[in-house]
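Peer 1:
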Amino acid sequence: MAEHRRRDWFAPPDLKTATHAQREIAETCETTDRFGRVGRAAGADTSSAWRDTRGPIHAAIATLAWPDAVAGEAAAATRIPPFPYVPGYLGFREAPSLLAAWDKLPEKPDLLFVDGQGRSHPRRCGIATHVGVLLDVPTIGVAKTLLCGAVEGEVGPAPGDRAPLIDRGETVGVALRTRARAAPIYISTGHRVSLETSVEWVLKLTDGRRLPLPIRLAHEAANAQRRAMTDQMASA
DNA sequence: GCGACAG
DNA sequence: ATCTTGTCGC
9 MAEHRRRDWF
19 APPDLKTATH
29 AQREIAETCE
39 TTDRFGRVGR
49 AAGADTSSAW
59 RDTRGPIHAA
69 IATLAWPDAV
79 AGEAAAATRI
89 PPFPYVPGYL
99 GFREAPSLLA
109 AWDKLPEKPD
119 LLFVDGQGRS
129 HPRRCGIATH
139 VGVLLDVPTI
149 GVAKTLLCGA
159 VEGEVGPAPG
169 DRAPLIDRGE
179 TVGVALRTRA
189 RAAPIYISTG
199 HRVSLETSVE
209 WVLKLTDGRR
219 LPLPIRLAHE
229 AANAQRRAMT
239 DQMASA
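For the first sequence, counting from 1, position 214 maps to 222 in my numbering; every step adds exactly one.
1) Would you report the Cα separation of glutamate 208 and tryptophan 110, rounded to the nearest angstrom?
2) Using the three-state DSSP reduction, which class does threonine 186 fall into: helix, strand or coil?
3) Go ahead and label glutamate 102 buried or exposed: buried means 16 or more other beta carbons lie within 10 angstroms of its beta carbon, across all protein chains shown.
4) In the DSSP assignment, find the beta strand (DSSP E) that holds isoleucine 69 and state where it starts and stops.
5) Report all residues from its chain with a CB closer than 6 Å to the CB of threonine 36; omit the five preceding and five following residues, and keep chain order.
6) Do valine 270 and arginine 200 have their C-beta atoms closer together than 8 Å?
7) Between the alpha carbons of leucine 286 and arginine 176, how many angstroms are there, rounded?
8) Taking the straight line between their C-alpha atoms, what separation do you get for alanine 34 and proline 222?
9) Give the single residue among Pro90, Pro21 and Phe121 whose Cα lies nearest to the Cα of lysine 212.
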């Protein structure tokens, strides 16, 4: 159903129409569980040149067989973003690259971990929600820092400890301790996965590290893509 | 008006 | 978002 609107939501010409598109996407987003058995999870992340705000964006989606927890296929793609980085509009920068990588995957994941916010966004449309709705795929937002809102209370010191993330009176995410003595990460619903289920899945795939495995795999794959592209440039 | 601001 | 070496602690 997102198909005919995909064009409108993909790359708006300016931030004003982008803002309008985000409100529509946020309305379409589902915050309750709607997915089947997960035989394959995946992580999505991007990489770009240091301090280069308008250069190409290299994206990767790395899959992970589940419950085997063995790394599977990964796909990568590179695209030029429509506009420079502006906080709150990350989705429009990274979605083209991420969707291109998604299309290259021979077998699609059942659950996608996205590096960034989901509903914990000023207009409830972080990148995890954005790509989740565009693809109509279950997504979980995994952010390393906060974009909006505030943590209610303190996050305990033990892995699994958590505290709600509140923005304008609404619970939009969870601050989650995934590793002792490491800063918490911020989990939020992307699309078709409830907040509670999102936290469960993150903890399930976080083997003693701060970030869940799919995100780490995607990070590596995106970096590899960037290096491959820059090497290719040098030899031409 | 001012500050804050994912990746 | 990325760079780089060492250092500290489990």
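Beta carbons are placed, not taken as given, at the ideal position from N, Cα and C, and that holds for glycine.
Peer 2: Taking the geometry as given:
1) If you draw a straight line from the Cα of glutamate 208 to the Cα of tryptophan 110, it is about 24 Å long.
2) Note: threonine 186 maps to coil in three-state DSSP.
3) Buried, since its Cβ has 16 or more Cβ neighbours within 10 Å.
4) Where isoleucine 69 is concerned, the enclosing beta strand (DSSP E) stretches over 65 to 73.
5) Closer than 6 Å at Cβ, skipping near neighbours: Val141.
6) The chain is shown only over 9 to 244; residue 270 falls outside these bounds and no answer can be derived.
7) Because the chain spans 9 through 244 in this model, residue 286 falls outside it and cannot be assessed.
8) Each residue's Cα considered, the two are about 25 Å apart.
9) The residue with the shortest Cα to Cα distance from lysine 212 is Phe121.
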